[in-house]
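All the letters of the sequence shown, read from the start, carry residue numbers 73 to 343 under the numbering used here.
Glycine included, every Cβ here is placed at the ideal spot set by N, Cα and C.
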Amino acid sequence: MIDIPEEPGKPEEPKEPNNDDKTTEQPSDARISSKSINTWDELALVNAVIAKHKRMLDAYRGEFEVLDPKVSELKGQSGDERGERDKINEHVAELKDNRQMLYHQAKQRRIEMFDLINASQSARKHEQEMARLQKDIETLDWKLQTTVMGIRKEREIVEKIKKLSKRIDEIHEIRSDDSDNTSDGTVKHISAEIENMIEDADKCHNEIVSVADQSQGHHESFVEYAEQLKEVRGRHIWLKNRISSHVAAVDYWEGTLNAMTAQDAGGEQND
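Written out as structure tokens, the structure is:
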């Protein structure tokens, strides 16, 4: 420690010796040592440092207490919207899988039906038109199952297939009037199956359309909450880190202060 020198004072005038005095002046022990003064200065400095950290803590905690509930609320809202969106999207994925399965099953049954129709002797009357209809349907079927497209475009293709299939049924009805072939009943049965499959696929399609807007709405809300969260989360994290830093600093300096106080008290006892 650095000794602080006492301030210089005015020197006392010498006294005449007095032989009558029976006592002589003794030095005083009440003078404060420079060591004690230095210790008090250090204690004051540490107390000032602690006070500064506590002021910063109060300020940061006040802001954090306002911001923290807002961050928690935005996290909850964005999480809820994302959960609803994902739930709907999972359902849409299932509907699409079912729809594709129905399209595939209808295609397979349609191939069987075409084989029966082409094997009929009476099919020659409409051979060219039937060949064209079959080719058009096969092309549309392939596009429907292998091409990524929007809901509106998919609906257009399905409607074209239904229209072409209806024409095939009309031609088959004309042929049936001229023929007693037992395969006609099978063809009608397969045609009815295909129609039911397409109707079920349409139901899946309509449900996809109805829930698509819901999914989009939840997605837009999720994005909005996520953007708001992004704006405040950086400050929230910064405040949290600063609070932790100042708490650690206060703990350190209070420990230092306690150690200095104990050391100073021990020194006074030794003196």
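Alpha carbon to alpha carbon, what distance is there between residue j and residue i?
i, j, result
"His163", "Glu145", "27 Å"
"Asn330", "Arg314", "24 Å"
"Glu184", "Lys260", "12 Å"
"Asn170", "Glu201", "32 Å"
"Glu226", "Gly148", "37 Å"
"Glu279", "Glu228", "17 Å"
"Ala191", "Gln177", "22 Å"
"Ala320", "Pro141", "24 Å"
"Asp241", "Ser150", "53 Å"
"Tyr324", "Lys126", "12 Å"
"Ala264", "Asp272", "12 Å"
"Glu135", "Gly327", "27 Å"
"Lys124", "Gly155", "45 Å"
"Ala334", "Asp113", "16 Å"
"Gly306", "Asp130", "20 Å"
"Lys232", "Arg224", "13 Å"
"Tyr132", "Met332", "29 Å"
"Glu199", "Gly257", "20 Å"
"Phe186", "Thr211", "14 Å"
"Ser106", "Val322", "Residue confidence for Ser106 is low, a pLDDT of 47 falling below 50, so the modelled location carries little weight and cannot support an answer."
Restricting to Cα atoms, I'd like to know which of the options is closest to residue i.
i, options, result
"Ser317", "Met128, Ala116, Leu117", "Met128"
"His277", "Glu166, Arg154, Gly151, Glu153", "Glu166"
"Glu137", "Glu226, His308, Arg181, Arg227", "His308"
"Arg157", "Gly289, Glu265, Gln177, Trp325", "Gly289"
"Gln206", "Lys225, Ile189, Met221", "Ile189"
"Asn268", "Ser237, His291, Glu279, Ser293", "Ser237"
"Ile209", "Gly222, Gln180, Arg224", "Gln180"
"Asp152", "His291, Gln177, Ile223, Lys168", "His291"
"Gly222", "Thr211, Ala191, Arg204, Lys168", "Lys168"
"Arg239", "Arg224, Arg204, Asp272, Gly257", "Arg204"
"Gln172", "Gly257, Asp213, Met332, Val322", "Asp213"
Going by DSSP, what residue range makes up the alpha helix (DSSP H) through residue i?
i, result
"Met202", "199-218"
I think residue i touches residue j, with their Cβ atoms under 8 Å apart; what is that distance to the nearest whole Å?
i, j, result
"Ile270", "Lys234", "6 Å"
"Leu311", "Leu174", "About 56 Å separates the two Cβ atoms, so there is no contact after all."
"Val304", "Asp274", "At roughly 47 Å, the Cβ-Cβ gap does not stay under 8 Å, so Val304 and Asp274 are not in contact."
"Val143", "Leu301", "7 Å"
"Ile243", "Arg182", "The Cβ separation is near 14 Å, so there is no contact."
"Ser293", "Ile160", "Their Cβ separation, rounded to whole angstroms, is 13 Å, which puts Ser293 and Ile160 out of contact at 8 Å."
So is residue i in contact with chain B if we call contact Cβ pairs under 8 Å?
i, result
"Asn190", "This model lacks chain B altogether; it includes just one protein chain."
The region 296-311 in contact with the region 217-227 per 3-pair CB rule at 8 Å: no
Hey, is the region 113-122 in contact with the region 282-292, meaning 3+ C-beta pairs nearer than 8 Å? no
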